[in-house]
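>
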Amino acid sequence: MAGDVSAVEIRITPDSDLKPVLKQVQAGDVIVLANGTWTDPKLKFESLSGTAEQPIRIRAESAGQVVLTGAIEFRVSGTHVTVSGLSIRNPSGTSDVFDFRTHSSVHAHDCRISDCSFEQTEPGSDKESRWMNIYGTGNRVDHCYFAGKTNAGTTLVVWVAETPGSHRIDHNHFGPRPELGKNGGETIRIGTSDVSEFNNKTIVEENYFERCNGEAEIVSNKSCENIYRHNLFERCEGALTLRHGHRCVVDGNVFLGHEENRTGGVRIIGSDHRVTNNYFEGLRGDAERAAICLMNGIQGGPLNGYAPVRNALIAHNTVIDCKVSMEIGVSSKKKATVVPSDCRVSHNAFLPGKWELFRVQNEPSQFSWIGNKCQLETTRGADLVEIERVDIKLARGKDGILRPSDSKSLHSDQPSDVQTDIDGEIRNSDLAGCDDPSTPVTIRDLAITTGPSWRRPLKL
1 MAGDVSAVEI RITPDSDLKP VLKQVQAGDV IVLANGTWTD PKLKFESLSG TAEQPIRIRA
61 ESAGQVVLTG AIEFRVSGTH VTVSGLSIRN PSGTSDVFDF RTHSSVHAHD CRISDCSFEQ
121 TEPGSDKESR WMNIYGTGNR VDHCYFAGKT NAGTTLVVWV AETPGSHRID HNHFGPRPEL
181 GKNGGETIRI GTSDVSEFNN KTIVEENYFE RCNGEAEIVS NKSCENIYRH NLFERCEGAL
241 TLRHGHRCVV DGNVFLGHEE NRTGGVRIIG SDHRVTNNYF EGLRGDAERA AICLMNGIQG
301 GPLNGYAPVR NALIAHNTVI DCKVSMEIGV SSKKKATVVP SDCRVSHNAF LPGKWELFRV
361 QNEPSQFSWI GNKCQLETTR GADLVEIERV DIKLARGKDG ILRPSDSKSL HSDQPSDVQT
421 DIDGEIRNSD LAGCDDPSTP VTIRDLAITT GPSWRRPLKL
């Protein structure tokens, strides 16, 4: 309690000299940025020492009324620092906008940016830049809005080192990003090819990705043991891509294409990934943008190549009305001749309608097909694998997705390796598909509950 009494509030303006101000800042203090438009701000908050009990807070005087614009450079390092309430609009500089570090060796740890927006509403720089770089360990990005980025450079990058970052990216609204026309238009990238064998253990959860069309990789995973769960991808012309790295989890996500061209699902490269409990509907992508895509690999190839797909678990996914439910052995390079092998495809429910169920470009090796079901009228591609044709009955739930209305046809006598369903509830049976109808339904209306509080409700 004594610490709370000694905490002070420090107000700064665009003309303030930060150096003497920051020398006085202690754990529990609040730095307030004055309302108004800050043009070309260069703000460096270096080596601040907050604690878990008394974080140092950097906030807008009024949420959403501090507008940073132009050549923005916002840098934070230290421990337990939170940044909130800022509106970052039309960044036009050549430098990256927000960094969780102030120097190459001075990083942020257990810091947070929340309740902020990053928007491009008018033509900006044609130079490559990123809007956010996450360094250090244990940092969090939550309840922020990102939209409109037109220049090259990933919107949000997690930089990977030997020590796992263990960051959390949650409850953000990643709004429309137009097609870039070349590489470098990802919305999120975690790692780079040269560090892709390192464990990073970052969690990306309960975010809303809307029309993220920058390039074929909406999310580009390039490190190991990251988790992507309970996110909503809507009208995104690309895929959540496990480009490099191993042992990642993609669980409980919803992919809605609304029958728009090139909308995709999950693309798998590397070993020991788990793709479980996901819901795919109305996707119109194929090859790398199929609902579920397994790539061919390169044996002994370079780190920036395609690691062979090995020992993936693809289980309890529901795939409805998608152009290609599952495409296997996709090869984008002549040297990519190693087929996916030793994978377990288990307890999935497929309702492709008039579309292709499976498309096999290169025959996989040593696959196990267990407890999978497809709709009775399915014809195209259904004879390529061992799968049971049944009368699957679904009804649209309050959360907008189709859930089983009669589970008898989805029952399997074969045991499953997945203990929970799309809602994160413990399964009571081995039903095919993402939902166990006997468990409670969790409604995640991410389209209106993500992003900054001062922008809600927002639905473009």
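Start counting the sequence shown at 1; every next residue gets the next number (the UniProt record's numbering). Glycine is no exception: its CB is placed at the ideal position from the N, C-alpha and C atoms.
(1) Report the three-state DSSP secondary structure of W454 (helix, strand or coil).
(2) Compare the beta carbon distance of Q299 and S331 with 8 Å and say whether it is the shorter of the two.
(3) Which term fits K149, buried or exposed, when burial requires 16 or more other beta carbons within 10 angstroms of its beta carbon?
(4) Answer yes or no: do A291 and A349 have a C-beta to C-beta separation smaller than 8 Å?
(5) Counting along the chain, where does the beta strand (DSSP E) carrying V319 start and finish?
(6) Using CA atoms only, rank isn't needed, just tell me which of V338, T337, P302, P364 is closest to E327.
(7) Going by DSSP in three states, P20 sits in which element: helix, strand or coil?
(8) I'd like the span of the beta strand (DSSP E) that includes I58, first residue to last.
(9) Can you name the residues that DSSP bridges to E234?
(10) Taking DSSP's pairing of strands, which residues face C374 in a bridge?
(11) For I203, does the three-state DSSP call read helix, strand or coil?
(12) Going along the chain, which residues of its own chain have a beta-carbon closer than 8 Å to the beta-carbon of L303, five neighbours each way excluded?
(13) What are the partner residues of L303, as DSSP defines its beta bridges?
(14) Secondary structure at D383, three-state DSSP: helix, strand or coil?
(15) Could you check whether R189 and R211 sit closer than 8 Å to each other, using their CB atoms as the reference points?
(16) With contact counted as at least three CB pairs below 8 Å, one residue from each stretch, are the segment 22 to 39 and the segment 68 to 80 in contact?
(17) Where does K459 sit, in a helix, a strand or coil, going by DSSP?
(18) Counting Cβ pairs closer than 8 Å, one from the segment 200 to 214 and one from the segment 159 to 179, do we hit at least three?
(19) In angstroms, rounded to a whole number, what distance separates the CA positions of C111 and E179?
(20) Per DSSP, which one or two residues make a beta bridge with H103?
(21) Assign Q375 to one of two classes, buried (16 or more other C-beta atoms within 10 Å of its C-beta) or exposed (fewer than that).
(22) Can you find at least 3 beta carbon pairs, one from the segment 33 to 40 and one from the segment 56 to 64, that sit closer than 8 Å?
(23) Would you call V8 buried or exposed, if buried means 16 or more other Cβ atoms sit within 10 Å of its Cβ?
(24) Starting from A447, trace the alpha helix (DSSP H) in both directions and tell me its first and last residue.
If we stick to the structure as given:
(1) In the three-state reduction of the DSSP assignment, W454 falls in the helix class.
(2) No, the pair does not count as a contact, with Cβ atoms beyond the cut-off.
(3) K149 is buried by the Cβ-count criterion.
(4) It is not a contact, given that the beta carbons lie outside the stated cut-off.
(5) Bounds of the beta strand (DSSP E) holding V319 are 318 to 320.
(6) It is P364 whose Cα lies nearest to the Cα of E327.
(7) P20: helix per DSSP, three-state reduction.
(8) Taken as a continuous stretch (DSSP letters only), the beta strand (DSSP E) holding I58 covers 56 to 60.
(9) DSSP lists E210, L256 as the bridge partner or partners of E234.
(10) Paired residues: F350, R389.
(11) Correct three-state label for I203: strand.
(12) Answer for L303: S193, D194, S196, E197, H244, listed in chain order.
(13) Beta-bridge pairing links L303 to no other residue.
(14) Helix.
(15) R211 places its beta carbon 8 Å or farther from that of R189.
(16) These segments touch.
(17) Reliability of the predicted coordinates at K459 is poor, the pLDDT of 46 falling under 50, and the value obtained from them is presented with this limitation in mind. Coil.
(18) Contact between the segment 200 to 214 and the segment 159 to 179 is present, because at least three Cβ pairs lie under 8 Å.
(19) Rounded to whole angstroms, C111 to E179 spans 32 Å at the Cα level.
(20) DSSP output for H103 lists V106 as bridge partner(s).
(21) Per the 10 Å Cβ criterion, buried.
(22) Output reads yes: the segment 56 to 64 touches the segment 33 to 40.
(23) So V8 ends up on the exposed side.
(24) Secondary structure note for A447: its alpha helix (DSSP H) is the uninterrupted segment 446 to 449.
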